[in-house]
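Colleague:
Number of protein chains: 2
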Amino acid sequence: MSIILTMSELEKFPKTRADLVVMLRNAGITPTHQRIKIGEVLFSREQHLSAEQVLAAVNQEDDEVSKATVYNTLGVFAEHGLLREVIVDPSKVFYDSNVSKHHHLFYSDTGELEDIADENIEVSKLPNLPSDLQIEEVDVIIRVHRN
Amino acid sequence: MSIILTMSELEKFPKTRADLVVMLRNAGITPTHQRIKIGEVLFSREQHLSAEQVLAAVNQEDDEVSKATVYNTLGVFAEHGLLREVIVDPSKVFYDSNVSKHHHLFYSDTGELEDIADENIEVSKLPNLPSDLQIEEVDVIIRVHRN
DNA sequence: ACATAAATTAGACAAAGTCTATTTTAGGAC
DNA sequence: GTCCTAAAATAGACTTTGTCTAATTTATGT
Ligand SMILES: [Mn+2]
Ligand SMILES: [Mn+2]
Ligand SMILES: [Zn+2]
Ligand SMILES: [Zn+2]
Chain X
1 MSIILTMSEL EKFPKTRADL VVMLRNAGIT PTHQRIKIGE VLFSREQHLS AEQVLAAVNQ
61 EDDEVSKATV YNTLGVFAEH GLLREVIVDP SKVFYDSNVS KHHHLFYSDT GELEDIADEN
121 IEVSKLPNLP SDLQIEEVDV IIRVHRN
Chain F
148 MSIILTMSEL EKFPKTRADL VVMLRNAGIT PTHQRIKIGE VLFSREQHLS AEQVLAAVNQ
208 EDDEVSKATV YNTLGVFAEH GLLREVIVDP SKVFYDSNVS KHHHLFYSDT GELEDIADEN
268 IEVSKLPNLP SDLQIEEVDV IIRVHRN
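Spelled out as structure tokens, the structure:
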């Protein structure tokens with residue numbers, strides 16, 4: 001319940017396992033048991049999870065997915081545009097299930113990460129870049145601490 | 148020789164060892180042999196170095212500074228405003244000897260990092276943040292790859 | 001020169017992530 | 001359903017980056 005992000009919750013996250021399978025197939029990803037399990041964790045809502053958190057969540061009941069597979073799968077999901085990697089914490093990568101354009105607020109004291117809706121940030125000037133450069137992303141990160 | 152940064156090279160980096168000692172004292176840092184050696188490497192010019200690079204540079208001739216001291220010293224320098232930590236690469240922190248306001252261009256394919264002068268980026272709108280939040284930094288990172 | 005707090009050190013340790021060799025599975029052909 | 005094969009998953013060794021601890025050394029005020 002961020003003060004900053006007032007984004008419509010009309011997302012297109014999969015509602016059923018079948019939806020998720022379709023989502024993976026549409027992205028060109030073979031839907032294995034492990035990938036489905038990981039997808040169920042990640043695509044349940046907009047969130048920022050580390051690989052360790054995904055590993056823990058996925059193996060909560062009993063061991064279902066190995067560490068290597070979690071890392072591989074997060075990489076595959078990111079390559080295919082289902083996840084966004086967020087680099088803000090020096091000690092770990094966050095995987096963001098919100099792949100629409102938005103920015104981030106990072107609490108450096110606690111390590112919390114929040115979304116900032118795209119319309120709440122405007123970058124009105126960018127440098128002229130050599131034409132052989134492709135922009136992948138323009139990240140704005142507001143680093144804050146409480147009081 | 149960045150295409151983007153056309154910053155006046157009229158910097159205030161220390162020119163002599165004595166200058167550097169003054170610089171450290173002014174920052175409230177006891178100037179030890181190790182800190183001076185590390186400072187000579189870092190404050191020779193505007194650059195982005197990882198801890199490993201600093202460690203290697205400082206021990207090029209013979210072993211002078213331990214790994215623990217390099218990490219400690221980079222932390223101390225950053226705390227006292229002589230260095231800026233730049234988090235853009237998921238595998239390591241960059242220490243930036245340019246502490247004036249500026250932004251970054253990151254080549255995700257090669258891991259290179261370049262400065263973008265402040266006047267070449269304008270963030271014209273920021274979200275309203277709760278008043279108990281202190282902004283430490285607003286980072287703009289343009290992630291690019293070649294062709 | 002002495003005292004002492006601050007700084008440095010070696011090396012053990014930890015956390016995050018990668019890699020390899022082997023096994024298992026998805027899914028197309030029949 | 002069975003067979004086949006490329007793709008995926010796995011255990012666990014390994015690597016990299018960074019932290020911690022307990023012992024030693026140094027900076028600096030008196
Ligand atoms: Mn790290
Ligand atoms: Mn890392
Ligand atoms: Zn996000
Ligand atoms: Zn910089």
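So the protein sequences, as listed, match chains X and F.
Using our numbering, read the first sequence as starting at 1 and increasing by one per residue.
Using our numbering, read the second sequence as starting at 148 and increasing by one per residue.
We put the CB at the ideal spot given by N, CA and C, even for glycine.
1) For chain X, is any of its Cβ atoms less than 9 Å away from the one on arginine 293 of chain F?
2) Just the chain X side, please: which residues come within less than 8 Å of leucine 273 of chain F by C-beta, in chain order?
3) Taking beta-carbon pairs under 8 Å, can you tell me which members of the region 50-74 of chain X lie near chain F?
4) Taking aspartate 279 of chain F and asparagine 26 of chain X to be in contact with their CB atoms under 8 Å, please state how far apart those CB atoms are, rounded to whole angstroms.
5) Closest to glutamate 76 of chain X by CA distance: which of X:Gly28, X:Lys12, X:Ile142 is it?
6) Identify each residue in the region 92-120 of chain X for which the Cβ-Cβ distance to at least one residue of chain F is less than 7 Å, and report them in chain order.
7) Is alanine 174 of chain F helix, strand or coil by DSSP?
8) Under a criterion of Cβ closer than 5 Å to any non-hydrogen atom of ligand 4, which residues qualify, in chain order?
9) What does the Cβ neighbour count give for lysine 162 of chain F, buried or exposed, with the cut at 16 atoms within 10 Å?
10) According to DSSP, what are the bridge partners of histidine 103 of chain X?
11) Compute the distance between the beta-carbons of phenylalanine 190 of chain F and serine 244 of chain F, then report whether it is under 9 Å.
12) List, in chain order, every chain F residue whose beta-carbon is nearer than 9 Å to that of valine 76 of chain X.
13) Decide if glutamine 207 of chain F is buried, meaning its Cβ has at least 16 other Cβ atoms within 10 Å, or exposed.
Modeller: On the basis of the supplied data:
1) Counted from its first residue, the second sequence places residue 293 of chain F at position 146. Arginine 293 of chain F counts as touching chain X.
2) For the purposes of this step, residue 273 of chain F is taken as the residue at position 126 of the second sequence. The answer, in chain order, is Asn120, Ile121, Ile142.
3) none
4) The residue labelled residue 279 of chain F in the question sits at position 132 within the second sequence. The residue labelled residue 26 of chain X in the question sits at position 26 within the first sequence. Incorrect: roughly 43 Å between the Cβ atoms, too far for contact.
5) Counting from 1 along the first sequence, the entry for residue 76 of chain X is found at position 76. What sits at residue 76 of chain X in the sequence shown is valine, not glutamate. Valine 76 of chain X has its Cα closest to that of X:Gly28, out of X:Gly28, X:Lys12, X:Ile142.
6) Against chain F - using a Cβ distance shorter than 7 Å - the residues of the region 92-120 of chain X are Val93, Ser108, Ile116, Asn120.
7) In the second sequence, the residue the question calls residue 174 of chain F occupies position 27. Coil.
8) F:Asp243, F:Asn245, F:Asp262
9) Stepping through the second sequence from its first residue, residue 162 of chain F is reached at position 15. Classification of lysine 162 of chain F: exposed, given that the 10 Å Cβ count is below 16.
10) If you number the first sequence from 1, residue 103 of chain X lands on position 103. DSSP lists X:Ile116 as the bridge partner or partners of histidine 103 of chain X.
11) Residue 190 of chain F sits at position 43 when you count from the first residue of the second sequence. Residue 244 of chain F sits at position 97 when you count from the first residue of the second sequence. Cβ atoms of phenylalanine 190 of chain F and serine 244 of chain F: closer than 9 Å.
12) The residue you call residue 76 of chain X lines up with position 76 of the first sequence. Neighbours of valine 76 of chain X on chain F: none; closest Cβ ~16 Å, over 9 Å.
13) Here residue 207 of chain F is taken as the residue at index 60 of the second sequence, counted from 1. Counting Cβ neighbours within 10 Å, glutamine 207 of chain F comes out exposed, since fewer than 16 surround it.
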